[in-house]
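Trainee: One structure, pasted below without further comment.
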Ligand SMILES: Nc1ncnc2c1ncn2[C@@H]1O[C@H](COP(=O)(O)OP(=O)(O)OP(=O)(O)O)[C@@H](O)[C@H]1O
Ligand SMILES: [Mg+2]
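Structural data, given as structure tokens:
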């Protein structure tokens with residue numbers, strides 16, 4: 024294994040993309056993109072939803088082939104016919120869907136390539152474990168290498184992936200939105216590992232919608248706008264706020280749209296209770312939770328990933344069994360809530376894991392937003408919104424959904440645009456109580472504002488919203504927040520208190 028490179032400035036270009044273009048039916052995803060990755064440098068890739076970031080990563084990692092343009096690895100022209108070729112050339116990709124093998128141990132995952140190449144012969148588990156441990160130690164991790172990968176947190180799985188990359192002597196690592204599902208303390212772990220890899224000479228591409236992360240970790244940044252390269256900058260030369268302007272484009276700069284609105288609408292009147300939970304628990308993860316949601320109210324359930332948020336929202340939607348406590352909807356006690364009953368009662372859930380729970384990827388945008396509701400609605404006998412397709416058009420355009428047609432399959436949309444379809448679906452359905460799980464995860468800075476606007480409109484028209492969130496700014500836009508930790512309510516704050524006593528809110532979070 025090579026010794027750590029300490030001074031990597033000028034250590035050279037690891038990977039170059041030259042004039043890369045790629046089209047899909049109806050959209051030019053990338054036009055003439057140039058990108059250059061240096062050893063020991065972290066290069067950020069930013070852009071609004073659908074700008075082409077993931078497409079570029081797919082090309083660099085051999086998943087997709089460019090229509091034109093060239094890739095060079097350490098100056099040599101390469102032609103990737105599949106992901107294997109990219110891995111063989113020393114490029115490792117951490118996609119959002121992780122590729123650790125769940126039934127193998129940490130040691131086996133880290134050492135997979137070496138085992139496959141018969142580098143350790145005869146197979147000695149003691150040696151495999153010891154080597155895996157030393158690779159993890161280089162990343163500052165003391166993870167138990169005998170654990171099965173499926174028992175690890177997302178952050179730990181990412182560390183295993185990075186260790187795997189390091190073991191395979193990757194010269195460049197491409198990370199596509201690795202922090203989208205991570206709580207803050209895990210982001211810190213990831214960044215620590217990335218800094219170590221950087222000091223050891225690894226080149227990295229880093230994609231994120233969180234600007235503060237870009238400023239914290241990146242050395243340089245390329246901004247993509249509608250498949251074009253808007254510019255490449257050294258972070259040091261870039262004043263705060265400039266990146267967002269570059270992403271949106273000068274013609275369209277709208278200062279207000281880049282600011283996150285943290286105030287609830289003034290004119291709203293908060294009415295009678297519509298959803299009440301009294302001492303609700305599931306016997307496993309959440310305990311004794313009481314909350315009341317009123318008509319016209321936005322209630323935040325604040326807490327880190329793993330605080331029991333996901334379980335609570337599933338209980339409120341009837342998708343998880345309640346072992347104790349009572350639930351009331353519109354004043355009526357509900358004995359055994361099921362998703363079917365919840366929908367009939369006008370309750371909608373917008374799950375965080377949109378890929379598996381929120382969308383039918385093979386279906387078009389139109390069908391995802393209307394037909395799905397249509398069928399469900401006629402089946403459950405709920406009144407239709409007369410002009411729902413007009414609604415779909417209005418809502419998707421307000422959300423700046425980037426698609427060439429509403430007939431496009433949801434699965435071909437960018438990650439952030441898929442999330443917008445899920446949001447649109449429930450807004451079109453006009454449920455009366457909406458439970459949003461992390462509604463702006465993976466959503467670009469520009470569209471966040473629109474999603475908040477739509478939630479505001481929804482409650483202003485008499486709907487009620489629960490927003491489960493681990494993002495402070497998202498919590499602060501609500502009328503009230505209850506804070507969850509380890510499955511219990513640890514505090515409650517009104518909007519004014521959140522603003523005036525931000526530190527208290529932060530403390531409760533931790
Ligand atoms: N398989 C596909 N078929 C058709 N269009 C596609 C396909 N894959 C991507 N696209 C389109 O290419 C464009 C770029 O998508 P891409 O996934 O690269 O965006 P992104 O910058 O990663 O966005 P996000 O931040 O939302 O993840 C989008 O308009 C998207 O709909
Ligand atoms: Mg993407």
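In this note's numbering, the protein residues as written are 24 to 533.
Even glycine gets a Cβ: it sits at the ideal position worked out from N, Cα and C.
Do residue 454 and residue 369 have their CB atoms nearer than 7 Å?
Mentor: Closer than 7 Å, so yes.
Trainee: Please state the DSSP three-state secondary structure of residue 147.
Mentor: Residue 147: coil per DSSP, three-state reduction.
Trainee: Once you ignore the five residues that flank residue 383 on each side, which residues in its own chain have a CB closer than 8 Å to its CB?
Mentor: Contacts found: 390, 391, 395 and 433.
Trainee: Which residue marks the beginning of the alpha helix (DSSP H) containing residue 475, and which one marks its end?
Mentor: Unbroken alpha helix (DSSP H) run through residue 475: 468 to 483.
Trainee: Could you check where the beta strand (DSSP E) with residue 59 kicks off and where it finishes?
Mentor: Counting along the chain, the beta strand (DSSP E) containing residue 59 begins and ends at 50 to 61.
Trainee: Cα-Cα, which of 70, 448, 88 and 469 is closest to residue 253?
Mentor: For the residues 70, 448, 88 and 469, the minimum Cα distance to residue 253 belongs to 70.
Trainee: Can you tell me whether residue 296 is helix, strand or coil according to DSSP?
Mentor: Three-state result, residue 296: strand.
Trainee: On a Cα-Cα basis, can you pick out the residue from 107, 186, 62 and 516 that is closest to residue 129?
Mentor: Comparing Cα-Cα distances from residue 129 to each of 107, 186, 62 and 516, the minimum goes to 186.
Trainee: Looking at residue 250 and residue 75, is the spacing between their C-beta atoms short of 7 Å?
Mentor: In contact: residue 75 and residue 250 (Cβ atoms closer than 7 Å).
Trainee: Note the first and the last residue of the continuous alpha helix (DSSP H) segment covering residue 211.
Mentor: From DSSP, the alpha helix (DSSP H) with residue 211 extends over 207 to 222.
Trainee: Taking the alpha carbon of residue 36 as the point to measure from, which residue in 67, 89, 97 and 361 has its own alpha carbon closest?
Mentor: The shortest C-alpha separation from residue 36 is found at 97.
Trainee: Return the CA-CA distance between residue 83 and residue 183, expressed in angstroms with no decimal places.
Mentor: The straight-line gap from Cα to Cα measures roughly 22 Å.
Trainee: Pair every Cβ in the segment 196 to 213 with every Cβ in the segment 328 to 338, then say whether three or more of these pairs are closer than 8 Å.
Mentor: With a cut-off of 8 Å, the segment 328 to 338 and the segment 196 to 213 count as touching, because enough Cβ pairs lie within range.
Trainee: Going by DSSP, name the residue or residues bridged to residue 229.
Mentor: BP columns for residue 229 point to 67 and 198.
Trainee: Please identify the residue among 191, 214, 192 and 190 whose C-alpha is closest to the C-alpha of residue 198.
Mentor: The option with the nearest alpha carbon to residue 198 is 214.
Trainee: Which ranges would you report for the alpha helix (DSSP H) in the segment 335 to 387 if only whole runs of at least 4 residues count?
Mentor: Counting whole runs of 4 or more residues, the segment 335 to 387 contains the alpha helix (DSSP H) stretches 362 to 367.
Trainee: May I ask you to check if the CB of residue 371 is nearer than 6 Å to at least one heavy atom of ligand 2?
Mentor: The answer is no for residue 371.
Trainee: Going by beta carbon distance, what residues of the same chain come within less than 8 Å of residue 163, once the five residues before and after it are set aside?
Mentor: Closer than 8 Å at Cβ, skipping near neighbours: 215, 216 and 219.
Trainee: By DSSP, does residue 418 sit in helix, in strand, or in coil?
Mentor: Residue 418 falls in the helix class under three-state DSSP.
Trainee: Can you find the residues in the same chain that come closer than 6 Å, C-beta to C-beta, to residue 478, ignoring five residues on each side of it along the sequence?
Mentor: So the list reads 488, once near-sequence residues are dropped.
Trainee: Provide the residue span of the alpha helix (DSSP H) that contains residue 109, from first to last.
Mentor: Looking at the DSSP string, the run of the alpha helix (DSSP H) that includes residue 109 is 106 to 111.
Trainee: What span of residues does the beta strand (DSSP E) with residue 45 cover, start to end?
Mentor: Residues 36 to 47.
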